[in-house]
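In the working numbering, the protein residues as written are 1 to 382.
All residues carry an ideal CB built from backbone N, CA and C; glycine is no exception.
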Amino acid sequence: MDPKNNIDEPMDIAIKGDKIALVQKSIDSGLSTQVIDATGLYVCPGLVDIHTHNFYGLDRYGQYSGGYSAIHPDGFTLPYGVTTVVDTGGSGWRDFVQFKEQVIDRVQTRVLAMLNIVGHGMKGSPYEQNLNDMDPKMTALVARQFPDDIVGVKLAHYAGHQWEQVDRLVEAGEMANIPVMVDFGGANPPLSLETLFMEKLRPGDIYTHIFGGGGFGRQAIVTPVGTLRPFVKAAQERGIVFDVGHGGSSFAFKHAIPALEQGIKPNTISTDSHMNSVMSGMKNMNNVMSKFLNMGMTLNEIITASTWTPAQVINRPELGHMSQEAIADIAIFNVLEGNFGFTEKTGVGKMMGKYKIENELTVRSGKVVWDLNGLTAPLWNE
Ligand SMILES: [Zn+2]
């Protein structure tokens, strides 16, 4: 299943070194030193999760910026078929180099970054409330200094009823020629979602926590009775990217289910993985994808929203597909059928579903880095 290349049928894939060498109906297995039989399973490009928190460290006040709320990616990505993540706002321009040296350059997962518009990154309050530390010029300068790593700019958690924080964010995005991602924070009364979508953000900019909000000083995309707000479809048509960013408390079935019924599908499926969300309703990328499968999106739509679309959103067209000569990042997964429960928030609400996506095997740059059931291993007594 390779949405970029419109492939959704049984095929053979040959890997040479770290690249895809060939994709066709049948490839002579005699040409290969190793064969992985994926009969009965699905094969797709390595998943691209554009909302995670991986700037972990030992700063006891650091939170998502060198602190305890962020997580080492590999154990939370590769087992679930995720080969690329985007740390969204853990670091700002002041501490990006620390993030790069401490995490990006040391892990197996491909870690990209959106710089926080706050120079100190996501250290929580009061740092994230400091408009004076939101410097578009410095943010853009550091983004341009590390174009291989930095793919966007992030705003998060800002509380206050004004637009300065969004204006500075977009200014940084314009100066560095990269998209921005908005976690809309909170305001009392809430800021207008319509103004954000239709006037402030540019086509290609990302609104994360699309099924969150409501009750947190932030409007949800549906009203309290589940009616889609009138401007939401127009915003998506205008090119605003609707990102899931499930997280700990940023996804509600009471928003997602009616929104899907009224024709709104997320452009990108992402986890917002951090120490808390991996232990509550979010769990992992496959669990979030499974929720959307059970809410009626097709498997092909879900894989598209987890591979080729996010790769395009972050301007990394070399990722998220299995074209010849592409980097060999591959996920092999199963869709289990049974009676499964899917929770939200800390497990308060539950949706039952028949399907569960379970990743079997992950290839990162041509190497098997995860093999759940020993697909690549010989029997112990042979
Ligand atoms: Zn987040």
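For this session: Count the CB pairs spanning the stretch 45 to 54 and the stretch 273 to 283 that are closer than 8 Å, and state whether there are at least three.
Result: yes
Exercise. Considering only C-alpha positions, which residue in the set G212, F99 and A159 is nearest to N188?
Worked result: If you number the sequence shown from 1, residue 188 lands on position 188. Nearest option by C-alpha distance: A159.
For this session: Could you give the DSSP three-state label for R94: helix, strand or coil?
Result: As a working note, residue 94 is residue 94 in the sequence shown. Here R94 sits in coil by DSSP.
Exercise. In chain order, what residues of the same chain have a beta carbon less than 7 Å from the beta carbon of I20, not counting five sequence neighbours either side?
Worked result: Here residue 20 corresponds to residue number 20 of the sequence shown, with the count starting at 1. So the list reads I13, M322, S323, Q324, E325, A326 and A328, once near-sequence residues are dropped.
Exercise. Nearest to M282 by alpha carbon, out of P230, K350, S192 and I178?
Worked result: Taking the first residue of the sequence shown as 1, we reach residue 282 at position 282. Residue K350 is the option with its Cα nearest to M282.
Problem set entry | Own chain residues within Cβ distance below 7 Å of A259, not counting five before or after | Residue 259 sits at position 259 when you count from the first residue of the sequence shown. Answer for A259: F211, I221, V222 and L228, listed in chain order.
For this session: Please work out which residues of its chain come closer than 6 Å, Cβ to Cβ, to G366, disregarding the five sequence neighbours upstream and downstream, and give them in chain order.
Result: Against the sequence shown, residue 366 aligns to sequence position 366. The residues are I15, G17, D18 and A328.
Problem set entry | Sequence-distant residues of the same chain with beta carbon closer than 8 Å to G204, five excluded per side | Numbered from its first residue, the sequence shown carries residue 204 at position 204. Within the same chain, G204 has close Cβ partners P179, G239, V241 and V313.
Exercise. Do V35 and S29 have their C-beta atoms within less than 9 Å of each other?
Worked result: Position 35 of the sequence shown, counting from 1, holds the residue named residue 35. Position 29 of the sequence shown, counting from 1, holds the residue named residue 29. Going by C-beta atoms, V35 is nearer than 9 Å to S29.
Exercise. Under 9 Å between the Cβ atoms of K345 and A252?
Worked result: As a first step, residue 345 must be located in the sequence shown, where it is residue number 345. As a first step, residue 252 must be located in the sequence shown, where it is residue number 252. Yes. Within cutoff.
For this session: Evaluate contact between the stretch 164 to 184 and the stretch 129 to 143, counting only Cβ atoms and requiring at least three cross-stretch pairs below 8 Å.
Result: yes
Exercise. Who does S65 pair with in a DSSP beta bridge?
Worked result: In the sequence shown, residue 65 corresponds to position 65, counting from 1. None, per the DSSP bridge assignment.
Exercise. Where does T33 land, buried or exposed, given buried means 16+ other C-beta within 10 angstroms?
Worked result: Here residue 33 refers to the residue found at position 33 of the sequence shown. With fewer than 16 other Cβ atoms within 10 Å, it is exposed.
Exercise. Can you tell me whether Y207 is buried or exposed, with buried defined as 16 or more other CB within 10 angstroms of its CB?
Worked result: The residue labelled residue 207 in the question sits at position 207 within the sequence shown. Counting Cβ neighbours within 10 Å, Y207 comes out buried, since at least 16 surround it.
Problem set entry | Boundaries of the beta strand (DSSP E) in which G152 is found, first to last residue | As a working note, residue 152 is residue 152 in the sequence shown. Looking at the DSSP string, the run of the beta strand (DSSP E) that includes G152 is I150 to L155.
For this session: Check whether the Cβ atoms of M198 and R168 sit closer than 9 Å, and answer yes or no.
Result: In the sequence shown, the residue the question calls residue 198 occupies position 198. In the sequence shown, the residue the question calls residue 168 occupies position 168. Cβ distance not < 9 Å, so M198 and R168 don't count as in contact.
Exercise. When DSSP labels each residue in this structure, what does I264 get in the three-state scheme?
Worked result: For this step, residue 264 is matched to residue 264 along the sequence shown. It is coil, neither helix nor strand.
For this session: Take L22 and list the residues in its own chain whose beta-carbon comes closer than 7 Å to its own, dropping the five residues that flank it on each side.
Result: Looking up residue 22 in the sequence shown gives position 22. Taken in chain order, the residues that qualify are A14 and Q324.
Exercise. Hey, how far is the Cα of L307 from the Cα of M1?
Worked result: Against the sequence shown, residue 307 aligns to sequence position 307. Against the sequence shown, residue 1 aligns to sequence position 1. Going by the sequence as given, residue 307 is Thr instead of Leu. Rounded to the nearest angstrom, the two C-alpha atoms are 10 Å apart.
Exercise. Nearest to N339 by alpha carbon, out of E128, I357, V107 and I332?
Worked result: Translated into positions along the sequence shown, residue 339 becomes position 339. When only C-alpha atoms are compared, the closest one is I357.
Problem set entry | T39, buried or exposed, once every other Cβ within 10 Å from all chains shown has been counted against 16 | Indexing the sequence shown from 1 puts residue 39 at position 39. Result: exposed.
Exercise. Would you call the CB atoms of S69 and S91 closer than 9 Å?
Worked result: If you number the sequence shown from 1, residue 69 lands on position 69. If you number the sequence shown from 1, residue 91 lands on position 91. Cβ atoms of S69 and S91: not closer than 9 Å.
Problem set entry | E164 burial status per 10 Å Cβ neighbour count (16 or more: buried) | In the sequence shown, counting from the first residue as 1, residue 164 sits at position 164. Label assigned to E164: exposed.
Exercise. Taking the continuous alpha helix (DSSP H) assigned at L141, which residues delimit it?
Worked result: For the purposes of this step, residue 141 is taken as the residue at position 141 of the sequence shown. Here the alpha helix (DSSP H) through L141 covers P136 to Q145.
Exercise. On the three-state DSSP scale, how would you describe N385?
Worked result: Missing from the structure shown is residue 385; the chain here goes from 1 to 382 and no further.
Problem set entry | Any non-hydrogen atom of ligand 1 closer than 8 Å to G124 Cβ | As a first step, residue 124 must be located in the sequence shown, where it is residue number 124. Outside the cutoff, so no.
Problem set entry | Beta-bridge partners of E344, as assigned by DSSP | In the sequence shown, the residue the question calls residue 344 occupies position 344. Answer is G349.
Problem set entry | Proximal residues to G245 (C-beta, below 6 Å), its chain only, five neighbours per side dropped | Along the sequence shown, one-based indexing puts residue 245 at 245. The answer, listed in chain order, is H51, T208, H209, S270 and D272.
Problem set entry | Helix, strand or coil at P3 according to DSSP, with G and I counted as helix | Indexing the sequence shown from 1 puts residue 3 at position 3. P3 falls in the helix class under three-state DSSP.
Problem set entry | Whole-number beta carbon distance between M285 and V82, since they are thought to touch under 8 Å | The sequence position of residue 82 within the sequence shown is 82, counting from 1. The sequence position of residue 285 within the sequence shown is 285, counting from 1. Contact flag correct, Cβ pair sits at about 5 Å.
Exercise. Using the beta-carbon count (16 or more within 10 Å), is Y61 buried or exposed?
Worked result: The count along the sequence shown starts at 1 and reaches residue 61 at position 61. Per the 10 Å Cβ criterion, exposed.
Problem set entry | Residues bridged to T362 (per DSSP) | For the purposes of this step, residue 362 is identified with residue 362 of the sequence shown, where counting begins at 1. In DSSP, T362 forms a bridge with A331 and W370.
Problem set entry | Cβ neighbours of V170 in the same chain (closer than 8 Å, five flanking residues each side left out) | Translated into positions along the sequence shown, residue 170 becomes position 170. Cβ within range, chain order: V180, K200, L201, R202 and D205.
Exercise. By how many angstroms is the C-alpha of A113 removed from the C-alpha of S125?
Worked result: Here residue 125 corresponds to residue number 125 of the sequence shown, with the count starting at 1. Here residue 113 corresponds to residue number 113 of the sequence shown, with the count starting at 1. So the two alpha carbons sit approximately 21 Å from each other.
Problem set entry | Range of the contiguous alpha helix (DSSP H) that encloses P45 | As a position in the sequence shown, residue 45 is number 45, starting the count at 1. No alpha helix (DSSP H) contains P45, which is instead part of the beta strand (DSSP E) from Y42 to P45.
Problem set entry | G247: CB within 8 Å of a non-hydrogen atom of ligand 1 | As a working note, residue 247 is residue 247 in the sequence shown. Answer for G247: yes, Cβ within range of ligand 1.
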